[in-house]
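**Q** Chains as they are written, first to last, in our numbering: chain X, 136 to 550; chain L, 136 to 550.
Beta carbons: idealized from backbone N, C-alpha and C, even for Gly.
This structure is in structure tokens; I'll ask about it shortly.
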């Protein structure tokens with residue numbers, strides 16, 4: 136894409152009402168727009184990153200048997216009353232609204248209830264199990280405070296997967312598969328080495344759960360890491376009995392602040408019993424389905440990548456989630472160099488390399504500052520000496536390393 | 136995909152609380168699930184159709200210069216008060232909700248206001264024009280009645296494109312481009328020949344507009360068609376002065392019921408003036424941006440295709456939006472025939488042909504009835520005589536035409 140056509144503009148100053156580094160950088164670079172605290176729009180660059188994250192997650196969910204659906208945001212209170220999760224004293228982040236006839240509706244903050252209810256129409260026998268459904272869906276959570284940029288939204292895109300199994304053994308085996316799939320997601324999105332499977336409390340309705348926590352100074356959680364076992368324990372469950380059960384020694388654990396980038400829950404028959412999701416086993420007996428849920432917030436993950444990998448010049452995207460493969464910068468207004476850059480852009484696009492091409496009529500310093508801010512991992516510079524030398528500069532955004540390549544070698548490097 | 140793995144089940148009977156044929160068929164075939172009147176979930180087959188429609192629309196919007204974004208559903212009343220569209224007396228479909236601090240928010244029923252407001256941060260000079268933004272985004276509309284299945288939702292996915300131009304001439308030229316792009320969308324999704332560009336009232340805030348109306352008995356609108364000019368006039372603007380202006384004669388028009396499958400609006404400086412979206416022209420003077428909006432409801436379009444093209448056995452998808460390229464049906468439980476079908480399935484998938492494979496242990500009649508109901512355009516039958524003859528039956532869902540093909544020829548036909 137030609138940057139002169141991209142409608143978003145970068146800006147030098149962070150907006151004054153934004154405390155979080157992730158939102159400051161993403162707004163400055165034109166990835167997002169703030170509607171209000173905790174509510175952000177995704178602009179073309181931001182939507183590209185979200186789509187790449189979504190595709191990585193989708194591949195991993197499909198690989199473990201997930202079937203994609205999309206449930207509604209508007210929620211009928213009746214199914215939430217059945218599981219005792221409608222009241223604000225039970226779930227304190229409900230947004231509520233009303234139909235014209237004044238009956239109350241909720242905006243989905245999670246989807247256990249409608250997913251279980253829907254599955255009743257499609258599941259009746261042991262032959263219908265196991266089943267795994269997932270969606271990328273907008274959640275609404277009425278957070279009292281929302282100061283963490285896109286990491287804690289009042290409206291945010293979440294991948295939520297749900298497991299339906301015939302017994303605990305089958306459910307446990309899938310739970311392990313889901314853990315491995317989640318690890319692949321964090322590895323592929325560039326935060327794997329900082330992310331720990333973490334033992335945590337189960338919140339309101341299951342005793343324990345697992346979270347994935349990414350070590351980061353701005354994290355709202357406090358975890359204790361065992362480097363030896365490559366796992367962690369959330370502060371909220373740091374009890375001697377639990378540590379003993381996990382085979383961990385308090386003295387060997389390292390404390391860190393961390394961001395929760397995913398969570399997985401074993402519900403057992405919670406939800407399925409209340410909502411009557413049963414199956415007939417081999418003997419024709421009705422049995423409750425064993426249920427689980429597995430969530431990843433896409434904005435949270437994107438914000439974590441920015442918090443973790445940016446530097447003082449701007450964002451540094453991993454290649455796997457960057458909005459473009461390369462940032463081609465025509466550094467000088469010399470017509471011959473511009474014609475060279477134009478032709479190189481066309482050639483790269485024709486080779487299937489998705490390039491952002493800075494063809495704007497700006498000073499070199501401004502272009503390079505913007506390129507650092509936007510953070511595409513590979514920069515290709517067509518400069519003053521490109522015509523004479525026949526070489527472009529290829530700069531690695533992360534470490535600043537520079538290679539000089541002939542045109543053919545450049546195309547080959549991306550193919 | 137193996138149908139034994141697909142979690143959705145078909146059902147013989149339509150749900151009793153569903154009047155609309157589109158929802159009856161889509162629920163029976165397992166494409167959607169009804170949460171409440173006007174609120175539907177998309178299940179795997181339904182989401183595939185929506186995604187194919189989305190991709191067609193995306194290609195056509197990109198082709199006319201659209202840049203994709205995704206704006207929030209939660210809306211700050213302030214920007215809607217600025218244009219006098221917050222009150223229920225102005226826009227009567229608002230869903231409202233409240234933050235914890237009791238301040239009121241809206242759920243976006245359309246996005247002119249936030250789109251114009253966002254653009255203020257990125258547009259300041261004539262050099263920044265023209266700009267075209269679009270999104271696929273969930274709209275919420277508090278409809279008093281919602282009885283038309285997925286054709287009139289309280290929550291529905293919409294493509295909304297917005298145009299920002301420097302003057303009326305440039306805006307008018309884009310408007311013509313948008314009309315052509317919309318025609319391509321309807322042609323590509325299989326309803327083009329039944330769809331007419333229709334002159335209509337502009338609703339609340341523009342005098343006139345154009346709609347795209349698809350002739351269909353269950354349509355809520357009444358239009359008058361000029362076959363000669365291949366255009367129509369909405370009942371609401373059937374006045375002699377208007378007909379004269381359009382060069383139409385009342386006596387030559389044909390009356391029909393129709394479904395509004397798209398609408399396009401020229402707003403002029405409405406919205407941009409109220410929200411202060413201006414640009415500096417060549418002389419440095421501040422000018423209001425000329426604005427337009429262009430909408431297609433994806434559920435409405437999908438529902439229209441079902442209403443228009445289904446028959447008494449079920450849905451008949453056009454190839455371009457069908458959930459799968461072909462429906463492979465292993466008709467007999469004979470192990471040799473099943474092994475043949477298994478191998479054919481693997482071979483088709485390996486050739487990149489996305490196939491639904493009915494490998495279920497069911498009677499032939501049930502399988503064929505399900506296949507008719509689901510409506511994939513091409514059915515491949517592995518039957519009793521396939522092994523002897525070395526041929527499969529290829530059945531066209533639309534007209535029932537049968538071809539007998541050798542395996543190699545079959546693969547070739549899809550490649």
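#1: Which residue wins for smallest C-alpha separation from residue 248(L), given the options 472(X), 234(X), 170(X), 303(X)?
#2: Please list the terminal residues of the continuous beta strand (DSSP E) segment that includes residue 556(X).
#3: Look up residue 168(L) in the DSSP assignment and give the residues it is bridged to.
#4: Evaluate residue 233(L) with the Cβ neighbour count: other Cβ atoms within 10 Å of its Cβ, from every protein chain shown; 16 or more gives buried, anything less gives exposed.
#5: What does the alpha-carbon distance come out to for the pair residue 415(X) and residue 165(L)?
#6: Once DSSP output is grouped into helix, strand and coil, what is the label at residue 256(X)?
#7: Would you say residue 232(X) reaches chain L, if we count a Cβ-Cβ gap shorter than 7 Å as a contact?
#8: Measuring CA to CA, which of 395(X), 455(X), 517(X), 356(X) is closest to residue 473(X)?
#9: Pairing CB atoms from the region 496 to 514 of chain X with CB atoms from the region 430 to 450 of chain X, are three or more of them under 8 Å?
#10: Rounded to whole angstroms, what's the CA-CA distance from residue 149(L) to residue 230(L)? Just pull it up for me.
#11: Out of 444(X), 178(X), 461(X), which has the shortest C-alpha to C-alpha gap to residue 487(X)?
#12: Can you look up residue 440(X) in the DSSP assignment and give me helix, strand or coil?
#13: Assuming residue 80(L) contacts residue 372(L) under a Cβ cut-off of 8 Å, what Cβ separation, rounded to an integer in Å, is found between them?
#14: Using the three-state DSSP reduction, which class does residue 284(L) fall into: helix, strand or coil?
#15: For residue 513(X), which residues of its own chain have a beta-carbon under 6 Å away from its beta-carbon, when the five flanking residues on both sides are left out?
#16: With a threshold of 8 Å, are at least 3 pairs of Cβ atoms found where one atom belongs to the region 276 to 290 of chain X and the other to the region 310 to 321 of chain X?
#17: Please list, in chain order, the residues of the region 198 to 213 of chain X that have any C-beta partner in chain L closer than 9 Å.
#18: Chain X partners of residue 248(L), CB-CB under 7 Å?
#19: Assuming residue 390(X) is part of the beta strand (DSSP E), what are its boundary residues?
#20: Quick one: grab the DSSP three-state call for residue 347(X).
#21: Between the beta-carbon of residue 436(L) and the beta-carbon of residue 396(L), is there less than 7 Å?
#22: Leaving out the 5 sequence neighbours to the left and right, which residues in its chain are closer than 7 Å to residue 146(X) when beta-carbon positions are compared?
#23: Quick check on this structure: which residue in 543(X), 334(X), 433(X) has the alpha carbon closest to the alpha carbon of residue 478(X)?
#24: Nearest by alpha-carbon distance to residue 455(X): which of 346(X), 440(X), 468(X), 206(X) is it?
#25: Would you mind giving the Cβ-Cβ distance between residue 254(L) and residue 176(X), rounded to the nearest angstrom? I have them listed as a contact below 8 Å.
#26: Check whether the Cβ atoms of residue 386(L) and residue 291(L) sit closer than 7 Å, and answer yes or no.
#27: Taking the alpha helix (DSSP H) that residue 501(X) falls in, what are its first and last residues?
#28: Apart from the five residues on each side of it in sequence, which residues of its chain come closer than 6 Å, Cβ to Cβ, to residue 172(L)?
#29: Quick one: list the residues of chain X neighbouring residue 143(L), beta-carbon separation under 7 Å, in chain order.
#30: Quick check: the Cα distance between residue 426(L) and residue 430(X), rounded to an integer number of angstroms?
#31: 7 Å is my cut-off, CB to CB: does residue 462(L) come that close to chain X?
#32: Is there a Cβ from chain X that is less than 7 Å from the Cβ of residue 174(L)?
#33: Return the first residue and the last residue of the beta strand (DSSP E) that residue 531(X) is part of.
#34: Once you ignore the five residues that flank residue 237(X) on each side, which residues in its own chain have a CB closer than 7 Å to its CB?
#35: Return the residues of the region 276 to 305 of chain X that lie within a Cβ-Cβ distance of less than 7 Å from chain L, sorted by chain order.
#36: What residues of chain X sit near residue 179(L), judged by a beta carbon separation below 9 Å?
**A** Quick answer:
#1: 170(X)
#2: It is not possible to answer for residue 556(X), since the shown part of chain X is limited to 136 through 550.
#3: 176(L)
#4: exposed
#5: 21 Å
#6: coil
#7: yes
#8: 517(X)
#9: yes
#10: 30 Å
#11: 461(X)
#12: helix
#13: This structure cannot speak to residue 80(L), because chain L is shown only from 136 to 550.
#14: helix
#15: 461
#16: no
#17: 200, 202, 203, 204, 205, 206, 207, 208, 209, 210, 211
#18: Within 7 Å Cβ-Cβ: nothing; residue 248(L) doesn't reach chain X, min ~11 Å.
#19: 389 to 403
#20: strand
#21: yes
#22: 163
#23: 543(X)
#24: 440(X)
#25: Not a contact, Cβ separation roughly 11 Å.
#26: no
#27: 499 to 509
#28: 281
#29: 257
#30: 40 Å
#31: no
#32: yes
#33: 526 to 531
#34: none
#35: 277, 279, 289, 290
#36: 202, 203, 204, 268
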